[in-house]
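For this note's numbering, count along the sequence shown from 1 and bump the result up by 881.
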Amino acid sequence: MNKPIILVDKGPWYPEALKALGLEWKHKTFGERKRIERWFRTMKARTRRFSNNFPVRKKPILKIKLFIRLFVLWYNFIRPHQTLKRPPATPIT
């Protein structure tokens, strides 16, 4: 099975952490990284609005995993892309 190559910026903390996990990385500042940067920016904006909805006492990891799954569904299949004017995963007809 192929291991992923993680694309990172020049943050000095990445090499040590990724090396400890046995993961490969590449320094990238533009291009391929912009898509995932946009995804994380949107996710951060959404989670800032309700950060108190993940209580620590009752299965927080399950709730966070469910939120991420629903966010991915919304981001790729429901939310209209600003340029495309349709969800990104919609087939072109």
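We put the beta carbon where it would ideally sit given N, CA and C, even for glycine.
Please read all numbers here as calculations on a predicted model, not as lab measurements.
Who are the Cβ neighbours of residue i in its own chain at under 6 Å, not counting the five residues just before and after it?
i, result
"Ile886", "Glu905, Lys907"
So what's residue i in DSSP terms, helix, strand or just coil?
i, result
"Lys966", "coil"
"Lys940", "coil"
"Lys909", "coil"
"Leu902", "coil"
Hey, is residue i close to the ligand NAD, as in C-beta under 6 Å from one of its heavy atoms?
i, result
"Lys891", "Looking at this structure, you won't find the ligand NAD or any other ligand, since it has none at all."
I'd like the list of long-range same chain contacts for residue i, defined as Cβ closer than 7 Å, with 5 residues on each side in sequence excluded.
i, result
"Asn957", "Pro968, Pro969, Ala970"
"Val953", "none"
Check the C-beta distance from residue i over to residue j and give it rounded, since I have them as a contact under 8 Å.
i, j, result
"Leu888", "Lys909", "5 Å"
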